[in-house]
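Peer 1:
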Amino acid sequence: MSARILQGVVISDKMDKTVVVNVARRQQHALYRKVINRSRRFKAHDADNECNVGDVVRILETRPISRDKRWRVIEILERGDVAEISPEDIGRSIEEEVQAAPSSAVEVEEVAVGADEEEGAS
């Protein structure tokens, strides 16, 4: 019996020497003949921690390596695009916008409160 080889996309690389690979396939419904997208997630052994999120990889079915791992990464077909922005940089621009915005929001609230008082006086 030959081992199965599948191709998928790495969706998680947070574990040591392990990646989670999403393998998508298209299947036709038996009765309605509509094409359905199905996907399955496999934990695969990545001995050198080479894979990153977004990489397209080929995995090979092997003997059980751990409780959940029965697959091994044999080839990285395509590297995924990863942003070169650190999480601190992402939050920094939002904080600057928020700090600049409250002064204008307070002015709008004061104008709205002033208008309510004038309506109540009539």
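Numbered per numbering that gives the first Met the number 0, the sequence shown spans residues 0 to 121. The beta-carbon is built from N, C-alpha and C at its ideal position, and this holds for glycine as well.
Rounded to the nearest angstrom, what separates Lys33 and Arg25 at their Cα positions?
Peer 2: Approximately 10 angstroms, taken between the alpha carbons.
Peer 1: Check Ser38 in the structure and name its three-state DSSP category.
Peer 2: Ser38: strand per DSSP, three-state reduction.
Peer 1: Please look up how many angstroms separate the CB atoms of Asp12 and Cys50, rounded, as I've assumed it's under 8 angstroms.
Peer 2: Contact flag correct, Cβ pair sits at about 6 angstroms.
Peer 1: What residues in its chain sit with their C-beta under 8 angstroms from that of Asp15, if we drop five residues either side in the sequence?
Peer 2: The residues are Asn48.
Peer 1: For Asp67, count neighbouring C-beta atoms within 10 Å of its own C-beta (all shown protein chains included) and say buried if the count is 16 or more, exposed if not.
Peer 2: When all chains shown are included, Asp67 counts as exposed.
Peer 1: Count the other CB atoms, across all protein chains shown, that sit within 10 Å of the CB of Asp45; report buried if there are 16 or more and exposed otherwise.
Peer 2: Buried, since its Cβ has 16 or more Cβ neighbours within 10 Å.
Peer 1: Go ahead and pull the three-state DSSP assignment for Glu77.
Peer 2: Strand.
Peer 1: Confirm, please, whether the CB-CB distance from Arg40 to Val20 is below 8 angstroms.
Peer 2: It is a contact, given that the beta carbons lie within the stated cut-off.
Peer 1: Who are the Cβ neighbours of Ile58 in its own chain at under 6 angstroms, not counting the five residues just before and after it?
Peer 2: Closer than 6 angstroms at Cβ, skipping near neighbours: Leu5, Val20, Ala43, Trp70 and Val72.
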